[in-house]
Each structure stands twice: as C-alpha cells, then as structure tokens.
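Asks:
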Amino acid sequence: MLAQQRQQTILERVRASGGVRVADLVRELGVSDMTVRRDLESLAERGLLEKVHGGATTLGPGSTEEPGFTAKSARQQQEKEAIARRAAQLVGPGTAVALSAGTTTWALAHHLVSVPDLTVITNSVPVADVFHRTPRTDRTVVLTGGVRTPSDALVGPVAVAAIRRLHVDTLFLGVHGMSVRAGFTTPNLLESETDRELVAAAHRLVVPVDHTKWNIVGISTIADLAEADVVISDQGLPAEARAELTERVGELIIAEGTQ
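Here it is as structure tokens:
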C-alpha cells in the first residue's frame with residue numbers, strides 16, 4: 001500500500017470513529033510503529049487530525065468556529081426535540097419569556113405556539129418566524145434588531161439597547177458549549193454580549209442543551225454554570241457532566257425519550 005493510500009485509510013478511520021490507536025493501526029495495516037507515527041505526523045501537519053499520546057483524534061472545534069443555523073439544526077434532532085418538550089413544561093400562560101438564538105430554542109418555540117397570553121422576547125430570526133407563522137391575538141413577540149450572525153442571531157449594540165430595559169420571567173439560553181472552567185460559551189463575541197444582557201433581564205435562567213455541548217468551549221463566556229437555575233439535557237449526558245452540573249446549577253433535568 002502506498003503512503004498516500006495508507007494515510008487516506010487512517011484518516012477515514014479517524015473520521016468514522018473519532019480516534020485511532022497506533023497499536024491498532026500497526027496491526028491492521030501491517031506496517032511498523034514508526035511508519036504509522038510518520039503518517040500521523042504528516043496528517044497532523046496538514047491539519048487533518050490531531051495527534052495525541054498513543055494515537056490520533058479528529059480535530060476539535062475551534063473556539064471561534066460558528067456553524068450556520070441549517071447545519072446545526074440537522075444535529076441531535078431527537079435529543080433537541082425531547083429537551084424542547086421538557087422545557088415547554090416550564091412555561092405557563094400569561095408569562096414573559098426570552099428565547100436566545102439556537103436550534104434547541106427554535107425547537108422549543110414550536111412547543112410554545114399554543115401557550116395563551118404569552119410575551120416572547122427573542123434575538124433569533126428563526127424563532128420569531130415560528131411565532132409569525134402561527135399568529136395569536138393574545139401573543140406579543142418582540143424581535144430585537146442587530147447584526148445577523150451565521151447562526152441567525154441578532155447581536156451588537158442595537159440588540160443590547162433593545163434588551164437593556166426589558167424584564168422577563170424566564171430566559172431559555174441556547175449555548176455553543178459548556179464546561180466547568182468556562183461556563184456557558186459562544187464562539188461569537190458580539191453574541192456573548194447580547195446574551196449576557198438577556199441573562200441580566202431574566203428572573204430565571206434555563207439552559208436547554210444537548211450532551212454534545214459538554215466540554216465544548218467557545219471564545220467568550222456568557223454565564224458561569226452556577227448562574228443557571230435549570231439545565232435541561234438528554235440521556236446521553238455523561239456521568240462526569242451530570243455530577244458537575246448537579247453540584248453547580250440549581251437543577252439538572254434529564255429529558256425523557258432521548259435514547
């Protein structure tokens with residue numbers, strides 16, 4: 001097998017399983033340990049994988065990487081739907097809620113269209129569109145202005161000014177990642193500023209977030225874990241994350257129907 005073919009095989013294995021061990025590649029490819037390590041070094045230098053002790057893994061997302069709304073909406077659909085259903089149970093008639101941008105908050109919006117006498121504040125164009133498509137005379141929707149991000153959030157000084165004098169019962173905060181060290185984060189600096197203003201406007205902070213966001217860190221922190229009154233996740237959330245969140249947030253809810 002030529003080096004190029006061998007490296008392509010290694011790359012396919014890494015992408016399929018998320019990581020490979022040098023020892024396994026030596027056995028499967030029938031080459032020496034040194035040959036495998038040279039292949040991994042070559043692939044790492046080209047930015048195609050990340051070398052780790054004893055093997056290699058897929059490249060983790062950068063702290064400023066921001067996938068578009070369409071790309072994110074195709075990920076973890078079952079988990080997001082279950083989380084959204086559970087989050088909707090926290091909203092009663094006659095309340096004011098804020099929904100930040102995100103595909104999980106967008107899923108939540110679909111479950112809130114039937115709630116009577118609801119006031120909704122959002123900086124998400126897709127979220128606002130959900131309510132626009134199902135109008136009610138007893139509903140008020142306020143869409144902030146601002147500069148549009150790849151994730152269809154409206155951010156920046158205009159959005160911040162619109163939110164600053166508002167007060168809501170509950171904020172449902174969509175996040176890019178969460179970790180003990182960095183808290184709830186986003187890859188967009190302007191979005192973090194806007195989201196912090198939403199946090200300040202809310203009496204209760206609820207973070208609906210699927211398990212893949214654990215230990216993902218964006219460039220800017222929106223809030224510390226301890227600021228969350230409720231975190232709603234799915235059954236794929238690892239034991240380590242459950243323990244850390246249970247210790248730090250007001251309440252951790254694991255949505256049913258996520259397996």
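Residue numbers 1 to 259, in the UniProt record's numbering, belong to the letters of the sequence shown in order. Ideal Cβ placement from N, Cα and C applies to all residues, glycine included. Here the structure is a predicted model, which is why all the values come from computation and not from measurement.
Quick check on DSSP: helix, strand or coil for isoleucine 10?
Replies: Three-state result, isoleucine 10: helix.
Asks: Quick test of the definition: if touching needs 3 or more C-beta pairs under 8 Å, does the stretch 163-173 touch the stretch 187-201?
Replies: A contact exists between the stretch 163-173 and the stretch 187-201.
Asks: Are there 16 or more other CB atoms within 10 angstroms of the CB of alanine 243, so buried, or fewer, so exposed?
Replies: Label assigned to alanine 243: exposed.
Asks: Mind checking whether glycine 146 and threonine 194 have CB atoms under 9 Å apart?
Replies: It is a contact, given that the beta carbons lie within the stated cut-off.
Asks: If you check the beta carbons only, do valine 249 and valine 207 fall under 9 Å apart?
Replies: Yes.
Asks: According to DSSP, simplified to helix, strand and coil, what is isoleucine 219?
Replies: If DSSP states are grouped into helix, strand and coil, isoleucine 219 belongs with coil.
Asks: So, with DSSP's three-state summary, where would you put proline 157?
Replies: Proline 157 falls in the helix class under three-state DSSP.
Asks: Thinking just about the alpha-carbon of each residue, which of Phe131, Glu227 and Ile219 is nearest to the one in leucine 205?
Replies: With distances taken between Cα atoms, leucine 205 lies closest to Glu227.
Asks: Is the separation between the beta-carbon of aspartate 169 and that of alanine 202 shorter than 9 Å?
Replies: For aspartate 169 and alanine 202, yes; Cβs fall inside 9 Å.
Asks: Would you list, in sequence order, the uninterrupted alpha helix (DSSP H) runs of no fewer than 4 residues that lie entirely inside the stretch 158-198?
Replies: Entirely contained in the stretch 158-198, not one alpha helix (DSSP H) run reaches 4 residues.
Asks: Decide if leucine 189 is buried, meaning its Cβ has at least 16 other Cβ atoms within 10 Å, or exposed.
Replies: Classification of leucine 189: exposed, given that the 10 Å Cβ count is below 16.
Asks: Restricting to Cα atoms, I'd like to know which of Thr212, Gly218 and Ala223 is closest to alanine 241.
Replies: Considering only alpha carbons, the answer is Thr212.
Asks: Skipping 5 residues on each side, what residues in its chain have a beta carbon closer than 8 Å to that of alanine 82?
Replies: So the qualifying residues of the chain are Asp234, Ala255, Glu256, Gly257 and Thr258.
Asks: Under the assumption that glycine 177 contacts valine 217 (Cβ atoms under 8 Å), give the Cβ distance between them as a whole number of angstroms.
Replies: Glycine 177 to valine 217, Cβ: 5 Å. Contact.
Asks: Quick one: is arginine 15 buried, meaning 16 or more other Cβ sit within 10 Å of its Cβ, or exposed?
Replies: Exposed, since its Cβ has fewer than 16 Cβ neighbours within 10 Å.
Asks: With DSSP as the reference, please indicate the residues paired to valine 142 in a beta bridge.
Replies: The partner list for valine 142 (beta bridge, DSSP) reads Ile121.
Asks: Could you check what DSSP says for alanine 88 in three-state terms: helix, strand or coil?
Replies: It is helical.
Asks: Return the bridge partner residues of proline 150 from the DSSP annotation.
Replies: The partner list for proline 150 (beta bridge, DSSP) is empty, contrary to what the question assumes.
Asks: Taking leucine 43 and glutamine 7 to be in contact with their CB atoms under 8 Å, please state how far apart those CB atoms are, rounded to whole angstroms.
Replies: The pair is a contact, with the Cβ atoms about 6 Å apart (cut-off 8 Å).
Asks: Quick one: what's arginine 21 bridged to in DSSP?
Replies: Gly55.
Asks: Within 10 Å of its beta-carbon, does glycine 183 have 16 or more other beta-carbons around it, so buried, or fewer, so exposed?
Replies: Glycine 183 should be labelled buried.
Asks: Beta-carbon separation of leucine 25 and glycine 55 under 9 Å?
Replies: Yes, the Cβ-Cβ distance between leucine 25 and glycine 55 is below 9 Å.
Asks: Return the chain-ordered list of same chain residues with a C-beta closer than 8 Å to the C-beta of arginine 246, the five sequence neighbours on each side being excluded.
Replies: It should be noted that the sequence gives threonine, not arginine, for residue 246. Cβ neighbours of threonine 246 beyond the five flanking positions: Leu252.
Asks: Any idea what DSSP makes of serine 114, helix, strand or coil?
Replies: Reduced to three states, the DSSP call for serine 114 is coil.
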